[in-house]
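Residue numbers (the numbering used here), protein chains in the order written: chain A, 39 to 183; chain B, 1180 to 1326.
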């Protein structure tokens, strides 16, 4: 059942991203362009996703094991540090430049869209570079927090 | 601020968000995991580069598989929406690098901190969301209105 749930979740998530318009960077940038002709659509995407999520996570908090039998792996940290904030700023800057965030980029890449493939390749390099060079404990000079 | 009513797509946005929320609900209740794409991709990538076993990554890899299949299922029913990029290749690569480093450093992205984190009322996620939304708004402002 674990495999069925995970695969289904991935499919529904991807369909949701496409339906929401998030796989089109122009749509995303129209949302981020507050001073231009603003398209508020993505605020509704976030709002309705959280509307469902609030109930799901309230239910999840009361469980010790998932439906498929695995232990729940919910984050427990509430630490706000410079790494968390700088990471957000770097991500937001890249999001503003390209109009892609990780999920929609993967979907766009899988559909064969060349910009999606280029973006995902660069994103994977960025992730690996962070883990190799900047992650805590990797390199003293890379320490931020 | 002027709202572009011709571009505004409230119903598909609500429907898409609903599906994203339901998928996140299934992943946390069914599999006990946070549907955060940065972590779901980053964790198997790290295992792969470290030469570690991918067996513990099975659930995440299946989720990624579903995500990659989604556009192919979509095309069985309707044409995919366009992927319109208005920056050059160098800028797109820079954007990818920034997103890759940023989501690993901040431990999450629009899905993990945005949808799941805010649904859990996590202060940590709220701080990250404010940082990336602020940077996203500022970046588009600079690109479109200052330079």
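All residues carry an ideal CB built from backbone N, CA and C; glycine is no exception.
Between the CA atoms of residue j and residue i - distance to the nearest angstrom
i	j	result
residue 118 of chain A	residue 1277 of chain B	20 Å
residue 102 of chain A	residue 75 of chain A	47 Å
residue 1318 of chain B	residue 1217 of chain B	21 Å
residue 1257 of chain B	residue 172 of chain A	43 Å
residue 111 of chain A	residue 1181 of chain B	43 Å
residue 28 of chain A	residue 1230 of chain B	Only positions 39 to 183 of chain A appear in the structure, and residue 28 of chain A is not among them; the question remains open.
residue 59 of chain A	residue 1274 of chain B	19 Å
residue 1287 of chain B	residue 1308 of chain B	9 Å
residue 135 of chain A	residue 1266 of chain B	8 Å
residue 1295 of chain B	residue 1263 of chain B	27 Å
residue 1214 of chain B	residue 152 of chain A	26 Å
residue 104 of chain A	residue 66 of chain A	33 Å
residue 1234 of chain B	residue 45 of chain A	16 Å
residue 1201 of chain B	residue 1210 of chain B	13 Å
residue 1260 of chain B	residue 127 of chain A	28 Å
residue 1290 of chain B	residue 106 of chain A	22 Å
residue 1199 of chain B	residue 54 of chain A	5 Å
residue 1298 of chain B	residue 93 of chain A	8 Å
residue 140 of chain A	residue 1219 of chain B	10 Å
residue 1311 of chain B	residue 131 of chain A	7 Å
residue 99 of chain A	residue 115 of chain A	14 Å
residue 1271 of chain B	residue 155 of chain A	10 Å
residue 1225 of chain B	residue 1315 of chain B	27 Å
Rounded Cβ spacing between residue i and residue j (contact assumed at less than 8 Å)
i	j	result
residue 1205 of chain B	residue 96 of chain A	With a Cβ gap of about 15 Å, residue 1205 of chain B and residue 96 of chain A do not count as contacting.
residue 71 of chain A	residue 1323 of chain B	6 Å
residue 1253 of chain B	residue 56 of chain A	5 Å
residue 1195 of chain B	residue 83 of chain A	5 Å
residue 122 of chain A	residue 1237 of chain B	28 Å between Cβ atoms; not a contact.
residue 163 of chain A	residue 143 of chain A	Contact flag wrong, Cβ pair sits at about 13 Å.
residue 129 of chain A	residue 1281 of chain B	3 Å
residue 1279 of chain B	residue 160 of chain A	7 Å
residue 1246 of chain B	residue 51 of chain A	6 Å
residue 1223 of chain B	residue 149 of chain A	So it is not a contact: roughly 21 Å between Cβ atoms.
residue 37 of chain A	residue 1228 of chain B	Given a span of 39 to 183 for chain A in the structure shown, any question on residue 37 of chain A remains unanswerable.
residue 125 of chain A	residue 1244 of chain B	Contact flag wrong, Cβ pair sits at about 27 Å.
Closer than 7 Å to chain B by CB, residue i
i	result
residue 171 of chain A	no
residue 153 of chain A	yes
residue 178 of chain A	In this prediction, residue 178 of chain A scores a pLDDT of 41, lower than 50, which makes its location untrustworthy; the coordinate-derived value is nonetheless stated afterwards. Not one chain B Cβ lies under 7 Å of residue 178 of chain A.
residue 140 of chain A	yes
residue 183 of chain A	Interpretation of residue 183 of chain A is limited by its pLDDT of 37, a score under 50 that renders its predicted location unreliable; the figure taken from the coordinates is listed afterwards. For residue 183 of chain A, the answer is no, since every Cβ of chain B falls outside 7 Å of its Cβ.
residue 63 of chain A	yes
residue 53 of chain A	yes
residue 58 of chain A	yes
CB contact below 7 Å: residue i versus chain A
i	result
residue 1196 of chain B	yes
residue 1184 of chain B	no
residue 1257 of chain B	no
residue 1326 of chain B	no
residue 1267 of chain B	no
residue 1218 of chain B	no
Closer than 6 Å: residue i CB and nearest the ligand NAP heavy atom
i	result
residue 1242 of chain B	Ligands in the displayed structure: none, and consequently the ligand NAP is not present.
Check: the stretch 1222-1250 of chain B: which residues have C-beta closer than 8 Å to a C-beta of chain A, in chain order?
Finding: 1224, 1225, 1228, 1237, 1238, 1239, 1241, 1242, 1243, 1244, 1245, 1246, 1247, 1248, 1249, 1250
Margin query: If the cut-off is 8 Å on Cβ atoms, which residues from the stretch 106-133 of chain A count as contacting chain B, listed in chain order?
Written below: 106, 108, 109, 110, 111, 112, 113, 115, 116, 117, 118, 121, 122, 123, 124, 125, 126, 127, 128, 129, 130, 131, 132, 133
Next item on the list: Quick one: which residues of the stretch 155-171 of chain A get their C-beta closer than 8 Å to a C-beta of chain B? List them in chain order.
Entry: 156, 157, 158, 159, 160, 161, 162, 163, 164, 165, 166, 167, 168, 169, 170
Note to self: Quick check on the DSSP output: what are the complete alpha helix (DSSP H) runs of length 4 or more inside the stretch 1298-1322 of chain B, in order along the chain?
What the structure shows: Counting only runs of 4 or more, we get 1302-1320.
Next item on the list: Scan the stretch 74-159 of chain A and note each continuous beta strand (DSSP E) run of 3 residues or more that stays entirely inside, going in chain order.
Entry: none
Next item on the list: Entirely within the stretch 1182-1247 of chain B and at least 4 residues each: give me those alpha helix (DSSP H) ranges in chain order.
Entry: Within the stretch 1182-1247 of chain B, the complete alpha helix (DSSP H) runs of at least 4 residues are 1189-1210, 1216-1229.
Notebook entry, point to check: Counting only runs that start and end within the stretch 40-75 of chain A, where is the alpha helix (DSSP H) found for 4 or more residues in a row?
Noted result: 40-58, 63-70
Note to self: What ranges does the alpha helix (DSSP H) occupy inside the stretch 1251-1301 of chain B, keeping only unbroken runs of at least 4 residues that lie completely in it?
What the structure shows: For the stretch 1251-1301 of chain B, whole alpha helix (DSSP H) runs of length 4 or above, ordered along the chain, are 1268-1284.
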